[in-house]
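Protein chains in written order, with the working numbering: chain A, 2 to 114; chain B, 474 to 664.
See below:
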């Protein structure tokens with residue numbers, strides 16, 4: 002059997018600049034953590050439908066209970082282990098380039114089968 | 474697989490034909506129009522092979538069902554693009570037909586030609602966005618086309634069972650498509 006030829010290569014994160022690469026600093030954050038600019042990560046979660054609209058103006062840098070629920074929802078939705086923490090699987094996924102369509106649509110929830 | 478709220482789909486008699494056109498004013502110059510057209514044609518073809526829907530390109534942009542364009546930053550739909558990587562594109566649920574790609578990306582149709590570490594496969598993103606245009610939301614299945622993320626230099630344009638089951642729940646099956654044959658070939662290639 003001949004050796005397979007790999008024509009394409011998927012590069013590790015460090016070889017190019019992710020738009021959301023700064024989010025790497027939140028690695029291992031969990032409930033109770035306070036990290037500067039975590040409010041930016043909360044905006045990301047809001048944008049993709051994991052945090053409610055009315056909370057947008059009050060985002061803080063505290064990893065609170067509501068954010069933990071949002072992380073749980075995110076992990077469940079994207080097929081990641083649900084830990085409620087910003088583990089490496091989760092931060093890698095958050096930093097990946099992606100489609101701009103919300104994972105949890107505004108107002109109405111998606112129907113999953 | 475998942476649907477948008479209310480499970481919208483194109484409400485026309487089956488089999489249906491949907492037309493698509495490229496915005497003459499919103500293209501990129503890093504790829505030829507022919508390369509863009511070919512990549513999108515292949516992307517539409519993936520979906521057309523499994524559902525009774527035909528996609529036909531038209532020059533009449535104003536009257537096309539699906540309108541494709543490359544845009545930068547705030548482009549008027551309250552979903553601004555954000556420059557290189559980050560958000561790659563977006564499309565709207567039926568029957569909007571709006572299909573937008575971020576002009577700031579390094580779009581590629583052949584990774585042997587486009588060597589950039591930040592190159593994004595146009596056919597893969599187009600296949601994903603067409604799924605939205607037809608009524609599919611994001612899935613949790615990582616291998617599926619409708620999973621929301623795509624890494625640079627990654628190609629993911631072949632539909633997986635999750636994509637096929639979802640889209641066929643909305644439109645039924647293309648009479649020339651056999652899920653049993655697909656499953657067998659899929660398993661065979663995996664093996």
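Beta carbons are placed, not taken as given, at the ideal position from N, Cα and C, and that holds for glycine.
Extent of the continuous alpha helix (DSSP H) to which residue i belongs
i	result
residue 514(B)	506-521
residue 32(A)	Neither: residue 32(A) is in no alpha helix (DSSP H) and is coded neither H nor E.
residue 604(B)	595-607
residue 640(B)	634-644
DSSP bridge partner residues for residue i (one or two, in chain order)
i	result
residue 622(B)	99(A)
residue 483(B)	Residue 483(B) is not bridged to any residue.
residue 530(B)	493(B)
residue 573(B)	542(B) and 563(B)
residue 592(B)	579(B)
residue 63(A)	35(A)
Beta carbon of residue i nearer than 9 Å to that of residue j
i	j	result
residue 611(B)	residue 564(B)	no
residue 647(B)	residue 522(B)	yes
residue 555(B)	residue 571(B)	no
residue 476(B)	residue 642(B)	yes
residue 526(B)	residue 493(B)	no
residue 52(A)	residue 68(A)	yes
residue 78(A)	residue 104(A)	yes
residue 483(B)	residue 602(B)	no
residue 45(A)	residue 98(A)	no
First through last residue of the beta strand (DSSP E) which encompasses residue i
i	result
residue 563(B)	562-564
CB contact check: residue i to chain A, cutoff 9 Å
i	result
residue 647(B)	no
residue 535(B)	no
residue 644(B)	no
residue 519(B)	no
residue 593(B)	yes
residue 548(B)	no
residue 624(B)	yes
is_contact[residue i, chain B] using C-beta, thresh 9 Å
i	result
residue 83(A)	no
residue 33(A)	no
residue 38(A)	no
residue 97(A)	yes
residue 78(A)	yes
residue 51(A)	no
residue 43(A)	no
residue 74(A)	no
Heavy atom of the ligand COA within 8 Å of residue i beta-carbon
i	result
residue 628(B)	For the ligand COA, the structure offers nothing, since it holds no ligand at all.
key: the region 619-639 of chain B in contact with the region 584-595 of chain B per 3-pair CB rule at 8 Å   = yes
message = Taking contact to mean 3 or more Cβ pairs, one atom from each stretch, closer than 8 Å, check whether the region 628-637 of chain B and the region 504-511 of chain B are in contact.
response = Short answer: they don't touch.
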